[in-house]
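The structure appears right after this line, and notes come after that.
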Amino acid sequence: MKHFHDALPRVAAACAVLLGTASCDTWAQLAPTSPSTTASVLTSFPDGQLNHWYVSQSSTIVGVAGESAGDDAQMDNAFLGLAKQSMASVAGEYDTASAFAAVGATTLKAAAFSTTSDSFAGLHSMSYAIAGLSYVAVMDQPGTVTMDLHLSGLLYSRSLGATAAMNVVAIGSGVDDGTLASLDLASNNQDLDPLQTIRLLPQINEAHAQVFNAIHDDAFDGTWTFDKNFSVSAEGQAFACPEVGAGRAYCGKYLYAFSLGLATATLNNADADFAHTLTVTGLQLPEGATLTFESGAAIPVSTSAVPEASTLAMSLIGLCLLAGVTTRRRQRA
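This is the structure:
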């Protein structure tokens, strides 16, 4: 496919969305460590409310191409709001490709489909779809916010030489710098197509980062169906306290941020359908914390229970007694 790489948005740009802008200046703004950084956040959120949940950034990107069908691509980005859905499709003499990506206040959707009747060797038709969604809240309580998510969808490759792939990235503030570096390393190669990028992204299972992918090749093992619950956490990042300026308003407050990415890609005869969807199903807040939401964008909220002092003391006494009994038994033996 001679013009395939030229026809689609650069994969590195797409992966920046997939990683929830983790390697961009926006992410740096979401981890305030100095008065100047704090001011940049305030400039971005001039009317921001304390203890309020915001969609900070969102994107949709799709690209399709076929040897006999031509190519098409669309993308949309929004700051402090929801990007428009992106759709693309082409149909030719012997191949077709289509892709769809959309975001809602609590959902990400991405679906990619491609077909070819030509020789199964090589790249004849390809499609990909990526949806990205980031959240931010400035709260007066320190601690950890845990986001619960649900993923549903399917992968299916219908012939030899066909591939269907998906990738999910969920990142919370407080994520380790080394984790971000490993994601950047896998995604910033300008010469990779979307499928190659998904193959290179590492599998990560950490408190502040959940990254996983699945790749269905050569019509192996029927349809893969996904119905998965998982969680990712954000640690409150303390704002700096400048002596002067607007940043003083957030002195002593804590910023919580999440970035989510859902990507699908297909080669030749394959389906990667995750339009039903990656969904935020709940938030677990620190003890004493509250959140408000925009109309129609509320997320079920629970509070992490912290044992009362008396209960905690009794538990510690019980553990000490148990340790003492165990020690005496060993001495008698």
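Here my numbering is used: the first residue of the sequence shown is 106, the next is one more, and so on.
Just so you know, even glycine gets a beta-carbon here, dropped at the ideal spot from N, CA and C.
Keep in mind it's a predicted model, so treat the numbers as computed, not measured.
| Query | Result |
| --- | --- |
| Collapsed DSSP secondary structure at Ala223 in the structure displayed | Note on identity: in this sequence residue 223 is Asp, with Ala being the wrong assignment. If DSSP states are grouped into helix, strand and coil, Asp223 belongs with coil. |
| Coil, strand or helix - Ser400 by DSSP | coil |
| Asp281 versus Glu198 - alpha carbon distance | 49 Å |
| Exposed unless 16 or more other CB atoms sit within 10 angstroms - verdict on Ala403 | exposed |
| Per-residue burial, Asp69 [other beta carbons within 10 Å of its own, 16 or more giving buried] | One cannot answer for residue 69 here, as it falls past the ends of the chain, which runs 106 to 438. |
| Which residues DSSP lists as bridging Tyr361, in chain order | Ala242 |
| Lys214 - partner residues in DSSP beta bridges | Ala207 |
| Residue nearest to Ser232 in terms of C-alpha spacing, selected from Ser257, Ser264, Asp177, Glu340 | Asp177 |
| Three-state secondary structure assigned by DSSP to Gly186 | coil |
| Nonlocal neighbours in the same chain, by C-beta distance under 6 Å from Leu238, ignoring five residues either side | Ser163, Val208, Leu213, Leu365 |
| Status (buried if at least 16 other CB within 10 Å, exposed otherwise) for Asp326 | exposed |
| Burial state of Thr330, where buried means 16 or more other Cβ atoms lie within 10 Å | exposed |
| Unbroken alpha helix (DSSP H) run spanning Leu256, endpoints | First-last for Leu256: 249-262, but that is the beta strand (DSSP E), not the alpha helix (DSSP H). |
| Thr397 classed as buried or exposed, judged by whether at least 16 other C-beta atoms fall within 10 angstroms | exposed |
| Close beta carbons around Asn318, own chain, < 8 Å, minus the five adjacent residues each side | Ala270, Met271, Asn272, Val273, Ile303, Arg304, Leu306, Gln308 |
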